[in-house]
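Peer 1: Number 263 marks the last residue of the sequence shown (full-length UniProt numbering); no jumps.
If you scroll down you'll find the structure; I have some questions about it.
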Amino acid sequence: MEHEQTIPEQRKEGESGPEPDTSVPRRRVGRTTLLIAGAAVLGVLAGTVTGYAVQYHREPTPLPPLAQQKMDGPKPAAMNDATSRRSTNAGRWHKADEDLAKKLVDVPGGVQDSFSGPVSADAFAASWYLQPSDAVGGLIRDGIKSVATARWAENDRNFIEVHLLQYRDRSGAEGFQSEMVGYMPEKDYAGNAGKDFPGVPADFGHLWIDSKAHEEPGYHPVRQARALVRRGDIVMVVEYTNNRGDIDEKALVDIAKRQMERL
């Protein structure tokens, strides 16, 4: 380190008074102070780098064990006669879905391929629309809230499906209704304008029966009838399919009226 240099204070010629005290040095503080501050900064940096280097070469410190290592939850169970779509997808349902499903018409006894309960919007779109991925987006945009379905087969000829769609407001239900009324007259669907549903105002109910059966080589002729009724924010659709080309309109109307009573 540079030594401190003492600069004695000189007295002008002819001045009187005590001699100046030459025991107290007058320091040059500029350069010395900078050197001390620089050394301090370098010391801090060196210590930080050394700390990182030491930590880098150490083995990782294991985390302490969880207080509850085994979380309670349902154990996987094998499928049995009581297994249903509802039980295998328990996390997908909401209480509102259950409430809507309770309004479904009762499935008759002694039928085949029966189901009754809530379904997701994507499952309904997959069974109802030709382009499910686009359709489910439309359902969500229109404010779909809950969907419930009941279906069954009578012998090997008649197949019935009942769908209840509940929206967050009436505008969503009205949109579904107007869309269906718009495309049903096309030849790929009923092929006719249909008629009003018996006992329901024209703006709230409609009924279609396919103008002709859909036939393909090697298959029975398939013919469908559909009933559409809207009540508030809920839309009811009943599909009646016969794989011999014969439609019992009275049976369709009866099922639809029983479903209307449940609403």
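Beta carbons: idealized from backbone N, C-alpha and C, even for Gly.
How many angstroms separate the CA atom of D233 from the CA atom of Q131?
Peer 2: 24 Å
Peer 1: Note down, in chain order, each residue of its chain lying with its Cβ closer than 8 Å to the Cβ of E174, except the 5 sequence neighbours on either side.
Peer 2: R230
Peer 1: Where are the beta strand (DSSP E) runs, 3 residues long or more, that stay fully inside the region 103-134, in chain order?
Peer 2: Counting only runs of 3 or more, we get 112-119.
Peer 1: Less than 7 Å between C-beta atoms, sequence neighbours within five positions excluded: which residues of the same chain meet that for Q259?
Peer 2: V105, V162, M236, V238
Peer 1: When DSSP labels each residue in this structure, what does I234 get in the three-state scheme?
Peer 2: strand
Peer 1: For the region 107-114 against the region 166-182, do three or more pairs of beta-carbon atoms, one drawn from each stretch, fall closer than 8 Å, so that the two count as touching?
Peer 2: Segments in contact, no.
Peer 1: The beta strand (DSSP E) with E161 in it runs from where to where?
Peer 2: Note, E161: beta strand (DSSP E), 158-167.
Peer 1: Could you say which of K145, G205, K187 lies nearest to A121 if we only look at CA atoms?
Peer 2: K145
Peer 1: Of all the options A225, R244, K212, W208, which has the alpha carbon lying nearest to the alpha carbon of G218?
Peer 2: Closest option to G218, Cα to Cα, is R244.
Peer 1: Nearer than 7 Å: is that true of the beta carbon of D134 relative to any heavy atom of the ligand GTP?
Peer 2: As for the ligand GTP, it is missing from this structure, which has no ligand bound.
Peer 1: Could you tell me whether the Cβ atoms of V200 and A213 are closer together than 8 Å?
Peer 2: no
Peer 1: Looking at the secondary structure, which residues open and close the beta strand (DSSP E) in which S146 lies?
Peer 2: Element bounds for S146: 144-154.
Peer 1: Exposed or buried, R141, counting other C-beta atoms within 10 Å across all chains shown (16 or more means buried)?
Peer 2: Flag for R141 reads exposed.
Peer 1: Using CA coordinates, which residue listed in G143, G191, L207 is at the minimum distance from D169?
Peer 2: G143
Peer 1: Which whole-angstrom value describes the C-beta separation of L165 and V147, a residue pair presumed to lie in contact below a C-beta threshold of 8 Å?
Peer 2: 6 Å
Peer 1: Can the beta-carbon of V107 be found closer than 8 Å to that of A153?
Peer 2: no
Peer 1: Please report the Cβ distance between R226 and K103, rounded to the nearest whole angstrom; I am assuming they are in contact, meaning their Cβ atoms lie under 8 Å.
Peer 2: With a Cβ gap of about 19 Å, R226 and K103 do not count as contacting.
Peer 1: By how many angstroms is the C-alpha of K257 removed from the C-alpha of Y183?
Peer 2: 24 Å
Peer 1: What residue does the beta strand (DSSP E) around I247 start on, and which one ends it?
Peer 2: Careful: I247 lies outside any beta strand (DSSP E) and carries neither H nor E.
Peer 1: Go to G199, then tell me how far its alpha helix (DSSP H) extends in each direction, as first and last residue.
Peer 2: Careful: G199 lies outside any alpha helix (DSSP H) and carries neither H nor E.
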